[in-house]
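**Student:** Residue numbering for the sequence shown follows this note's numbering, beginning at 1 and increasing consecutively.
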Amino acid sequence: MVKPRLGQHFLIDSSVAQREIAYAGITKNDVVLEIGPGKGIITCLLAEKAKQVIAIEIDRHLVEYLQTMLPKNVTLICADALSVDFHSLPRFTKIVANLPFEISSPIMFKFLQSTFSVAVLIFQKDFAERLVASPGTKDYSRLTVGVSYKAQCRMLETVPRNCFSPQPKVDSSIVEIIPYQKPRFTVKDEQFFFELTKQLFNHRRKKIRYTIKSIYGNIEQLPFLDQRVEELTPEQIGQLSDQLYHFI
Ligand code: SAM
Numbered sequence: 001m002v003k004p005r006l007g008q009h010f011l012i013d014s015s016v017a018q019r020e021i022a023y024a025g026i027t028k029n030d031v032v033l034e035i036g037p038g039k040g041i042i043t044c045l046l047a048e049k050a051k052q053v054i055a056i057e058i059d060r061h062l063v064e065y066l067q068t069m070l071p072k073n074v075t076l077i078c079a080d081a082l083s084v085d086f087h088s089l090p091r092f093t094k095i096v097a098n099l100p101f102e103i104s105s106p107i108m109f110k111f112l113q114s115t116f117s118v119a120v121l122i123f124q125k126d127f128a129e130r131l132v133a134s135p136g137t138k139d140y141s142r143l144t145v146g147v148s149y150k151a152q153c154r155m156l157e158t159v160p161r162n163c164f165s166p167q168p169k170v171d172s173s174i175v176e177i178i179p180y181q182k183p184r185f186t187v188k189d190e191q192f193f194f195e196l197t198k199q200l201f202n203h204r205r206k207k208i209r210y211t212i213k214s215i216y217g218n219i220e221q222l223p224f225l226d227q228r229v230e231e232l233t234p235e236q237i238g239q240l241s242d243q244l245y246h247f248i
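1. Hey, could you find the ends of the alpha helix (DSSP H) A50 is sitting in?
2. Spell out a yes or no on whether the region 167-179 and the region 111-124 are touching, meaning 3 or more CB-CB pairs, one atom from each, closer than 8 Å.
3. Given a cut-off of 7 Å, decide if S117 and T93 are closer than it, judged by their beta-carbon atoms.
4. Touch check for the region 27-34 and the region 58-65: three-plus C-beta pairs under 8 Å?
5. Which residue wins for smallest C-alpha separation from F185, given the options K150, K3 and I248?
6. Taking the straight line between their C-alpha atoms, what separation do you get for I21 and I54?
7. Do you know offhand how far T43's Cα is from V74's?
8. Please list the segments of the beta strand (DSSP E) lying wholly inside the region 111-173, counting only runs of 3 or more residues, in order along the chain.
9. With a threshold of 8 Å, are at least 3 pairs of Cβ atoms found where one atom belongs to the region 196-207 and the other to the region 234-245?
10. Which runs of the alpha helix (DSSP H) fall wholly inside the region 25-98 and span at least 4 residues, in chain order?
11. Give me the residue from H87, P71 and Q67 with the minimum Cα distance to C78.
12. Using DSSP's beta-bridge definition, name the partner residues of L11.
13. Going along the chain, which residues of its own chain have a beta-carbon closer than 8 Å to the beta-carbon of P90, five neighbours each way excluded?
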């Protein structure tokens, strides 16, 4: 039985799975993490190319089915991927997955706290567009800023909705994510930078002056006060965060 609340839209076009895996350039040296193997369409292909696959699936009925058909180099874990400590897993080198929409954002930030060389992920297209958006566009968001601080994201192809069953309401995209060795720019306090980014995007159409005034009081000696956060690059939000940090 399909469980929509778990984002169960299974890939039925194996050529999409093959291309996704090819983009990741998997070799026999790779240990690959997959979230949500579902019925195993990506997992089986990964197992042929990789040394080992670690697959985390929340649905125990799917896990029971997968146990009967997956090869020995797949380590299957029945759990909510958001609760698994990735540092307790065998060290993985790459991530490949067709992700459930419901956990796209938190799992993305969780990935970025671990170490890997590349992730090739299928997301709903509107989420993928937010990942790669430029300042000044409607898709530019807190997600764009938080992710682009740590990684480079590139949209590789659109996957039409009829490649999945049950068919979702929207198309998907394959996205490549390559983490930077170090964050793209430095900030004095990461937590403060992320919190400020969140507060500013909660009022994305307001001039920065008014959002800052409502939270921190009237501080005139800051840059970008007459602009809106949606116009600033991630680096500029970092500069604002560093200067504001002096005053609080
Ligand atoms: N990889 C398969 C495919 O491409 O056909 C299934 C992809 S489907 C979009 C998402 C899968 O993630 C489902 O099998 C679902 O049960 C699983 N899932 C949903 N939430 C999860 C979570 N929090 N942790 C682990 N797996 C999850």
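All C-beta atoms in this analysis are idealised placements derived from N, C-alpha and C, irrespective of residue type, glycine included.
**Tutor:** In short:
1. Unbroken run through A50: none, as it is neither H nor E.
2. Yes: the two stretches touch, three or more of their Cβ pairs being nearer than 8 Å.
3. Their beta carbons are under 7 Å apart, which means T93 touches S117 by this criterion.
4. The region 58-65 and the region 27-34 do not touch, with fewer than three beta-carbon pairs separated by less than 8 Å.
5. Ranking K150, K3 and I248 by CA distance to the CA of F185 puts K150 first.
6. So the alpha carbons of these two residues sit roughly 15 Å apart.
7. The alpha-carbon atoms of T43 and V74 are separated by roughly 8 Å.
8. Taking only runs of at least 3 residues, the beta strand (DSSP E) segments lying wholly in the region 111-173 are 118-124 and 151-159.
9. With a cut-off of 8 Å, the region 234-245 and the region 196-207 count as touching, because enough Cβ pairs lie within range.
10. List check, alpha helix (DSSP H) in window: 41-49 and 60-69.
11. Comparing Cα-Cα distances from C78 to each of H87, P71 and Q67, the minimum goes to Q67.
12. DSSP lists F164 as partners of L11.
13. The residues are V31, Q52, I54 and T75.
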